[in-house]
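Encoded as structure tokens, the structure appears first; notes follow it.
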Amino acid sequence: VCLFVCLFVCLFVCLFVCLFVCLFVCLFVCLFVCLFVCLFVCLFVCLFVCLFVCLFVCLFVCLFVCLFVCLFVCLFVCLFVCLFVCLFVCLFVCLFVCLFVCLFVCLFVCLFVCLFVCLFVCLFVCLFVCLFVCLFVCL
Numbered sequence: 065v066c067l068f069v070c071l072f073v074c075l076f077v078c079l080f081v082c083l084f085v086c087l088f089v090c091l092f093v094c095l096f097v098c099l100f101v102c103l104f105v106c107l108f109v110c111l112f113v114c115l116f117v118c119l120f121v122c123l124f125v126c127l128f129v130c131l132f133v134c135l136f137v138c139l140f141v142c143l144f145v146c147l148f149v150c151l152f153v154c155l156f157v158c159l160f161v162c163l164f165v166c167l168f169v170c171l172f173v174c175l176f177v178c179l180f181v182c183l184f185v186c187l188f189v190c191l192f193v194c195l196f197v198c199l200f201v202c203l
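173 is the number that the working numbering gives to position 109 of the sequence shown; each next residue is one higher, with no gaps.
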């Protein structure tokens with residue numbers, strides 16, 4: 065009777081404690097890691113993609129437009145305006161999409177792995193300690 069009650073209480077307490085501890089730890093760690101990784105990755109990816117796309121588009125557009133107007137002044141103004149607008153729009157859209165996708169995937173994977181590992185370790189340690197205490201008390 066003592067072992068049965070003690071084990072039942074242990075399981076209930078361990079599950080409850082481990083779930084709460086793991087959820088809070090995992091959420092905090094995952095949010096921090098994912099935000100840092102996603103911001104870093106997205107900034108680099110978006111900068112390179114946007115720069116490449118914008119340079120290509122702007123050069124093509126500006127060269128085409130400026131062929132009929134004074135070439136050097138027009139090219140300089142056109143490229144400056146075009147790159148500024150293009151980069152601003154591109155980076156804004158790219159970062160928004162990239163961060164949203166990255167954070168969603170990262171948080172999902174991170175939480176799944178973290179909760180699985182955390183719960184497994186926490187429950188194993190908690191139940192082992194609990195069993196030892198139960199056996200000692202009941203005996």
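Positions of the beta carbon are idealized from the N, C-alpha and C atoms, including for glycine.
Exposed unless 16 or more other CB atoms sit within 10 angstroms - verdict on residue i
i	result
Cys90	buried
Leu203	exposed
Leu199	exposed
Leu175	buried
Leu131	exposed
Leu135	exposed
Cys66	exposed
Enclosing alpha helix (DSSP H) for residue i [first to last residue]
i	result
Val109	66–130
DSSP three-state assignment for residue i, whether helix, strand or coil
i	result
Leu203	coil
Cys154	helix
Cys134	coil
CA-to-CA distance, residue j to residue i, given in whole angstroms
i	j	result
Phe168	Cys86	19 Å
Leu171	Phe120	35 Å
Phe192	Phe156	52 Å
Phe124	Val109	23 Å
Cys178	Val189	16 Å
Val97	Leu115	27 Å
Phe100	Val93	11 Å
Cys122	Phe84	53 Å
For residue i, the nearest candidate out of the options (CA to CA)
i	options	result
Leu107	Val161, Cys122, Leu95, Val181	Val161
Cys166	Phe80, Phe104, Leu75, Cys78	Phe104
Cys150	Val117, Val129, Phe68	Val117
Leu163	Leu115, Cys122, Leu95, Phe140	Leu95
Leu159	Phe112, Leu79, Val81	Phe112
Val129	Val173, Leu115, Cys146	Cys146
Val81	Val201, Cys186, Phe196, Leu195	Cys186
Phe180	Cys126, Phe148, Leu79	Leu79
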